[in-house]
Structures are given as C-alpha cells and as structure tokens.
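Colleague: Following this message is one structure expressed as structure tokens.
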Amino acid sequence: MDLKKIKRNKIDKDEKKDSPAPGFSENFDDFMGRSRRNKSVLFSKGRSTGFFYTEDSRLYITPRERRLMEKGFSLDRETGKWDCLSSRIVRDYVRYSPSGTDLLHRRLRRSYAALQDDIADTSRTILGQFSMVRLWNLSIVGAILLGMFSMTMIYRYLGQGAAAGDIRSAVPVANEISIGDVPRIAGTTEARVAEEDADSYTKQLIADIEADEKDELEKEIREMVKGHPIEEMVPYIAEKDRIVAAFLVGIARKESNWGKRVPVLEGQDCYNYWGYRGIRKLMGTGGHTCFNSRKDAVDTVAKRIQTLVEKEELDTPEKMVIWKCGSNCAVTGGQAAANKWISDVNTYFKKLN
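Its first residue numbered 0, the sequence shown is counted upward by one per residue in numbering that gives the first Met the number 0.
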C-alpha cells in the first residue's frame with residue numbers, strides 16, 4: 000500500500016510540473032501570433048531597423064525626387080492615392096509620350112498607311128473588274144438560277160409524290176404498276192422541260208448581259224477617242240475582253256496618237272495604230288505591218304495581246320513594256336523612254352480596266 004501511494008504522489012507531481020499556469024494557455028496563442036507577424040526590416044550602412052519611412056510616406060525628399068525637382072518636374076506630395084501607387088508614374092508617362100516626330104511613331108504611321116494602300120489596291124483589283132451594271136446583272140442571274148434550281152428540285156422530288164398521291168386517292172382500284180409509272184413519267188418530263196427552259200433562259204440572259212457590257216464598253220471608248228481615226232474601229236475593239244480593249248486603246252494612244260501618226264503603203268493608211276511589226280505580204284513604212292481592213296487590224300493585234308496576257312501573264316503596262324522594248328530596252332531609247340511608255344499607256348489603260 001505504501002509503495003502504491005508513493006508512485007501515485009510522484010505522478011501527480013509530474014503532472015503539476017508540466018501543466019501551464021492558470022490563464023497562460025489562453026494568452027499563449029495570441030502572443031505567438033503577434034511575435035510571428037511579418038515585419039519589414041531596413042538594412043542600411045551596416046545597420047538594420049524595423050522602424051523607417053518609405054518614399055511614398057512623403058515625409059522627406061529622396062535623392063531621386065531631388066533630381067526630378069532639379070529637372071523641373073512638379074512632384075505630387077499627396078498621400079492615400081491608388082493604394083500606395085505613386086501618381087508620379089502617370090506624370091512621367093505623359094512627359095515622355097511619343098511625339099509626331101518620334102521614330103517609332105513615324106514607322107507606325109508608315110505601316111498603317113501602307114496597310115491602307117494594300118487594302119485599297121486589293122479592293123480595286125477585285126471590284127474594278129466589274130462595273131455597276133455587271134454587278135447588278137450578275138445578282139439578277141444568280142437569283143434566277145437559284146429560283147430555277149429550286150423549282151427543278153420541287154418538280155423532281157415533291158411534284159412526283161404529290162401527283163402519285165392524287166392518282167392513288169382518285170383511282171383506288173387501278174393497277175399498282177400503272178399508278179407508279181404515270182406520275183413518274185409525267186414528273187420526269189416536267190422536270191426535263193423545266194431544266195431546258197432554265198438553260199435556255201439563262202443563256203439568253205447571259206447573252207443580253209454580254210451585249211449590255213459591250214454597249215457600255217463601246218460607249219466609254221467612243222467618248223475617249225472621239226475625233227480620232229481610231230473611232231471607226233471602236234465597234235471591233237469593244238467586242239474584245241475588257242483588258243485587251245484597254246491595251247488596244249492605251250497602246251494606240253502612245254504609238255500613233257489614235258491613228259494620227261501611222262505607217263502607210265503607197266499613200267494609203269495601213270490601219271496599224273499600235274506599231275505592230277508582224278511579217279506579211281503587205282508591209283508599210285518603218286517595217287510595220289499593213290492590214291487589209293480595220294477589223295483585220297483589230298483582230299490581229301488583239302489576238303497577239305490576248306496571248307501575251309493569258310500565256311505570258313503580261314496584264315499591266317509595266318509588264319507589257321515588252322511591246323515597246325522587245326528583249327532589250329537599251330536599244331529602243333533606254334529605261335527612261337520605257338518608263339515614259341509605261342506611264343502614257345497606263346493613263347488610258349486604267350480608265351478602261
């Protein structure tokens with residue numbers, strides 16, 4: 000019994016020794032929390048301190064601020080702005096914003112201008128091939144073709160079913176084969192007739208559109224060359240593709256002033272207004288070709304230009320300068336003369352194409 004009592008007293012003493020003092024447990028967590036809070040420490044000139052003022056406190060003028068003041072900057076000394084973010088940053092930005100003469104600013108403006116020019120050139124290249132009349136006519140053709148296609152599909156797929164249903168309901172005792180064949184044949188015939196009508200109408204409409212375009216092109220050319228000998232060739236020129244017609248007009252203006260300076264044979268006009276030098280039985284002055292008629296002249300020269308445009312892709316006056324220079328511009332007046340030729344031809348080429 001005594002031994003048990005001694006052991007029990009020893010355990011009680013150990014428990015009292017380890018237990019905290021009254022009230023200590025409640026305050027210990029708060030104490031540790033306060034002691035572990037993050038604190039800023041300033042290390043300067045071999046010393047450290049936890050109590051200091053930053054530049055944003057506005058309690059003193061820093062060396063950086065002094066240098067700015069010497070340069071004429073006005074400092075913002077107000078506090079409590081933008082959650083410690085100094086508004087001086089904004090002022091500095093305004094101070095050093097790019098001007099109109101800044102290198103980057105100029106490059107951006109040039110890039111933007113180049114982009115605008117590229118977009119404008121692309122739009123002119125695409126839309127410039129179509130006049131307003133052509134665009135309007137193309138929209139009409141598209142609407143008609145869509146309508147014809149829709150009617151054909153209705154006749155072919157919906158019309159047959161409707162007709163077959165009517166026959167079955169009207170003659171319920173008829174033979175099954177005859178009921179199926181009659182509407183199918185009728186529906187097929189109607190669809191074929193509708194397709195033929197659509198094709199015929201479309202061809203006629205396209206022919207009318209081409210005629211309208213020819214009339215429009217002829218009117219444009221006639222107004223341009225009015226009073227010159229080439230005016231009598233306008234109906235033949237207007238039959239060609241617009242780009243070929245544009246080259247015919249532009250080159251003729253440069254080479255012969257639209258027929259006022261031409262090669263002749265025995266005093267007769269050779270109808271060669273383009274400086275064409277193809278070898279023929281009849282050759283005029285200066286080694287130029289003489290043509291049998293105005294139509295022969297236009298057809299022959301237009302065929303050559305069409306070949307150069309389609310096969311050689313010479314679709315601009317700059318590329319078509321081969322018409323003047325051949326293989327070497329140096330022997331035909333040099334590059335200056337070639338540039339003049341390009342400029343003069345392009346003046347009228349771009350009006351029609």
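Yeah, the Cβ is synthetic: ideal placement off N, Cα and C, and Gly gets one too.
In whole angstroms, what separates the C-alpha of E222 from that of M147?
Modeller: 39 Å
Colleague: Beta-carbon separation of L351 and A245 under 7 Å?
Modeller: yes
Colleague: What whole-angstrom Cβ distance do P262 and G249 have, given they're in contact under 8 Å?
Modeller: With a Cβ gap of about 19 Å, P262 and G249 do not count as contacting.
Colleague: Just tell me which of K259, G333, K70, Y347 has its CA closest to the CA of H227.
Modeller: Of the candidates K259, G333, K70, Y347, K259 places its Cα closest to the Cα of H227.
Colleague: Where does L114 fall in DSSP's three states?
Modeller: helix
Colleague: My output table needs one value for L74: the three-state DSSP class, helix, strand or coil.
Modeller: Three-state DSSP puts L74 in coil, outside helix and strand.
Colleague: Hey, how far is the Cα of E265 from the Cα of W273?
Modeller: 19 Å
Colleague: Per DSSP, L264 is paired with what?
Modeller: Q267
Colleague: Does the beta-carbon of F348 have 16 or more other beta-carbons within 10 angstroms, so that it is buried, or is it exposed?
Modeller: buried
Colleague: Let's test the definition: count the other Cβ atoms within 10 Å of the Cβ of S255 and tell me whether it reaches 16, buried, or not, exposed.
Modeller: buried
Colleague: If I measure Cβ to Cβ from P316 and keep anything under 6 Å in the same chain, skipping five residues before and after, which residues do I get?
Modeller: I341, V344, N345, F348
Colleague: Within 10 Å of its beta-carbon, does T299 have 16 or more other beta-carbons around it, so buried, or fewer, so exposed?
Modeller: Within a 10 Å sphere around the beta-carbon of T299 sit 16 or more other beta-carbons, which makes this residue buried.
Colleague: State the DSSP-derived secondary structure class of F348, mapped to helix, strand or coil.
Modeller: helix
Colleague: Pull up the distance between the alpha-carbon of G71 and that of R105, whole angstroms please.
Modeller: 28 Å
Colleague: If you run the structure through DSSP and keep just helix, strand and coil, what is L313?
Modeller: Under the three-state reduction of DSSP output, L313 falls in the coil class, being neither helix nor strand.
Colleague: Quick one: residues in its chain with C-beta nearer than 7 Å to the C-beta of R241, no 5 flanking neighbours on either side, listed in chain order?
Modeller: L216, L351, N352
Colleague: Taking Cβ positions, are W257 and I220 nearer each other than 7 Å?
Modeller: no
Colleague: Return the residue from the list C269, N271, T288 that minimises the CA-CA distance to I278.
Modeller: T288
Colleague: Check R252 in the structure and name its three-state DSSP category.
Modeller: helix
Colleague: For F42, write down the residues that DSSP places opposite it in a beta bridge.
Modeller: S47
Colleague: Going along the chain, which residues of its own chain have a beta-carbon closer than 6 Å to the beta-carbon of K294, five neighbours each way excluded?
Modeller: Y235
Colleague: Just reading off the alpha helix (DSSP H) that W273 is part of, what are its end residues?
Modeller: Careful: W273 lies outside any alpha helix (DSSP H) and carries neither H nor E.
Colleague: What span of residues does the alpha helix (DSSP H) with I236 cover, start to end?
Modeller: 233 to 236
Colleague: DSSP on M319, reduced to helix/strand/coil?
Modeller: coil
Colleague: In terms of residues, what are the limits of the alpha helix (DSSP H) holding M68?
Modeller: 62 to 69
Colleague: Can you list, in chain order, the residues of its chain with a C-beta nearer than 7 Å to that of V308? Leave out the 5 residues immediately preceding and following it.
Modeller: I242, V243, D314
Colleague: Using a 10 Å radius around the Cβ and a threshold of 16 neighbouring Cβ atoms, would you call N271 buried or exposed?
Modeller: buried
Colleague: Is the CB-CB distance between K213 and A301 below 7 Å?
Modeller: no
Colleague: What number of angstroms, rounded off, separates the C-alpha of E231 from the C-alpha of S292?
Modeller: Going from the Cα of E231 to the Cα of S292 covers about 11 Å.
Colleague: From A185 to L137, what does the alpha carbon distance come to, in whole angstroms?
Modeller: Note on A185: pLDDT 48, under 50, position unreliable in the model; no value is reported.
Colleague: Buried or exposed: where does W322 fall if 16 or more other Cβ atoms within 10 Å of its Cβ makes it buried?
Modeller: buried
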